[in-house]
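Keeping their order, the protein sequence lines are chains A, B, C and D.
Residue 60 in my numbering is what sits at position 60 of the first sequence, and the numbering runs on without skipping anything.
Residue 74 in my numbering is what sits at position 74 of the second sequence, and the numbering runs on without skipping anything.
Residue 100 in my numbering is what sits at position 100 of the third sequence, and the numbering runs on without skipping anything.
Residue 24 in my numbering is what sits at position 24 of the fourth sequence, and the numbering runs on without skipping anything.
From the three backbone atoms N, C-alpha and C, an ideal C-beta is built for every residue, glycine too.
There are 4 protein chains.
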Amino acid sequence: MFSSIFSPRFSETDALGHINNTNVPIWFEGARDPIFKLFVEDLNSKNWNLIIAKIDVTFHAQMHYGSEMEVKTYIGRIGNSSFDVYQELWQHNTKCASGTAVQVHFCFEQQKTMKIPPNIITAMQPHMFIENND
Amino acid sequence: MFSSIFSPRFSETDALGHINNTNVPIWFEGARDPIFKLFVEDLNSKNWNLIIAKIDVTFHAQMHYGSEMEVKTYIGRIGNSSFDVYQELWQHNTKCASGTAVQVHFCFEQQKTMKIPPNIITAMQPHMFIENND
Amino acid sequence: MFSSIFSPRFSETDALGHINNTNVPIWFEGARDPIFKLFVEDLNSKNWNLIIAKIDVTFHAQMHYGSEMEVKTYIGRIGNSSFDVYQELWQHNTKCASGTAVQVHFCFEQQKTMKIPPNIITAMQPHMFIENND
Amino acid sequence: MFSSIFSPRFSETDALGHINNTNVPIWFEGARDPIFKLFVEDLNSKNWNLIIAKIDVTFHAQMHYGSEMEVKTYIGRIGNSSFDVYQELWQHNTKCASGTAVQVHFCFEQQKTMKIPPNIITAMQPHMFIENND
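Given below as structure tokens:
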């Protein structure tokens, strides 16, 4: 599991007084940085080899300005060329949101999918999501 | 179907040279305004009666800076107290992204779900998504 | 003057019930697209030749969700290699914000400023800001 | 001085390969949280008593994805009802951006400015910006 801890910003609230839901996909992409590093060691966009196929987010509880949040990032599934990143957003010991991003290992030059190399699979395995691990 | 047409901004691109995926949920929420108006006529947050339960977005094609986009917004399903909004993002006659937002009719004061009133159902019906309607 | 008309989004409100101030620099950059086109006709980032040196924004009145806005974009000053873009945000016949962006004509390859070519100056002149022109 | 350390996100880059300038006002507002707390101890929007009158940001150097950033937040000037917050963005020992936000102590109920109370002035004083303090 990779952990990212941060404070939501006043600009991320909305007129209902809570944090607006559209921030969660932004935070989740931000918290996927350690996953991106497994594929693109220097995070240089010229060497980028991942695309995103699908995201979903389920909202479980309201998120508040003024308290720290944690995004917990797990590998959810490892396929041939694609894999799932499963993420949870926690605040005040409450799971406020959870979701999955389907990422695809991709060659931009040839515009086609690529098999995930075995050494990256090995690096991903310790971060697999196991139910009831909190 | 509700249509929202706009130009993506340079600040919405990312280092891969295309539009970053995290903008789509923001655009989709923005394009749900006509749906919000069916439930909250004056769009006043004090009268708000909707919450969001879930979103998903599938990415079909790269999105580009420099050309107009259209978000097409449909009602996808009408339940007892919840309903689905189905949305598509089009650019250059290409469907670049599509997704569903599950919205719930909700009383903030009593913190509980509410049945969707029949007059709102009637107003939603002309906007139902019908496969192959493009 | 270049005009950009759009509706602010619910996600752009904040917990005070109005539109959050941090959106204005984003909208202003978006509304500079016609200026960018004078310098980079195809808006292709590979041909980009502008950098930003400074921005300022003054907030005159609260901005509201639920009504259209207009950004009016003018050329404020033309220098040797830099120029000012002066912009105003209007809603309900009220000037809600105004500001200036200092842009510099720049060669990314050689990492140095470039003189603004005469044909671009000619194209900018009709858009100069003249006090009391509203 | 208040310090806020964070990693810029991939979604904050733009097609030129660097971090887009429109993020800086967002980060600066986020890093003003400790200032907000001096005025609104619980950060509850119902008790809010600050508005923003003006911001400016000067861009000194390109900002990059993949490395931590620090926002340093100082009090720049204390007036009768308004005050300046001076902020700097640092990355790799380089000052990438700096700017000032003019905040006003404000009563939302009566819609008028309020004198800054002496106890808040006392709390602000240790955070005054002193030239060459880095």
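A/Trp90 is bridged by DSSP to A/Glu70 and A/Lys95.
Here D/Asp56 is bridged, per DSSP, to C/Asp56 and D/Thr100. The count of Cβ pairs closer than 8 Å, one atom from the segment 66-73 of chain B and one from the segment 27-46 of chain B, reaches three, so the stretches are in contact.
In this structure, D/Phe36 and D/Tyr86 do not form a Cβ contact; the two beta carbons are roughly 16 Å apart against a cut-off of 8 Å.
Interface with chain B (9 Å Cβ-Cβ cutoff): C/Leu43 is included. Note: D/Met128 is bridge-paired with D/Ile75 in the DSSP secondary-structure output. Rounded to whole angstroms, the Cβ separation of C/Asp56 and D/Lys54 is 7 Å, and the two are in contact under 8 Å.
By the rule that beta-carbons nearer than 9 Å mark a contact, A/Ile55 touches chain B. Along the segment 13-38 of chain A, going in chain order, the ones with a CB nearer than 7 Å to a CB of chain B are Ala15, Leu16, Asn21, Thr22, Pro25, Ile26 and Glu29. In the three-state reduction of the DSSP assignment, D/Ile116 falls in the coil class.
Interface residue (Cβ-Cβ distance to chain C less than 9 Å): A/Phe6 is not classified as such.
With contacts defined as CB atoms closer than 9 Å, A/Lys115 and A/Asn93 fail to qualify as a contacting pair. The straight-line gap separating the alpha-carbon atoms of A/Met63 and C/Leu38 is approximately 43 Å.
Contact check for B/Ser67 and B/Gln91: beta-carbon distance about 6 Å, within the 8 Å limit, so the pair qualifies. Annotated three-state conformation of C/Phe6 is strand, per DSSP.
For D/Phe59, there are no neighbours in chain B by C-beta distance under 7 Å, as the nearest C-beta there is about 14 Å away. Judged by DSSP in its simplified three-state form, A/Asp42 adopts coil rather than helix or strand. Shown here for B/Asp84: same chain residues with a beta carbon closer than 6 Å to its own, the five before and five after excluded, namely Gly76, Arg77, Thr100 and Val102 in chain order. Per DSSP, A/Ile19 lies in no alpha helix (DSSP H) and is assigned neither H nor E. In the three-state scheme derived from DSSP, where H, G and I count as helix and E and B as strand, B/Phe83 is classed as strand. DSSP places C/Phe108 outside both helix and strand once states are collapsed to three, so it counts as coil. Going by beta carbons, C/Leu50 and C/His105 fall inside the 9 Å limit. Counting of Cβ neighbours within 10 angstroms places B/Ser3 among the exposed residues, the total staying below 16. For C/Ile121, no pairing in a beta bridge is given by DSSP. From the listed residues B/Phe108, B/Ile121, B/Glu131 and B/Leu89, the smallest Cα separation to B/Asn47 is found for B/Phe108. Within chain C, the residues placing a beta-carbon under 7 Å from that of A/Ser11 are Asp14, Asn20 and Thr22, ordered along the chain. Around B/Phe10, the same chain offers Tyr65 as residues with beta carbons nearer than 8 Å, after the five sequence neighbours per side are excluded. Excluding its 5 nearest sequence neighbours in each direction, D/Glu12 has C-beta neighbours in its own chain below 8 Å: Ile19, Asn20, Asn23 and Tyr65, listed in chain order. For the segment 61-86 of chain D, residues whose beta-carbon sits nearer than 8 Å to a beta-carbon of chain A comprise Tyr65 and Gly66. It is roughly 9 Å from the alpha-carbon of D/Cys96 to the alpha-carbon of D/Thr58. Taking the Cα positions, C/Ser98 is about 4 Å away from C/Glu88. Out of A/Ser82, A/His60, A/Thr122 and A/Ser45, the CA that lies nearest to the CA of D/Leu16 is found in A/Ser45. Taken atom to atom, the span from the alpha-carbon of D/Glu41 to that of D/Gln110 is near 20 Å.
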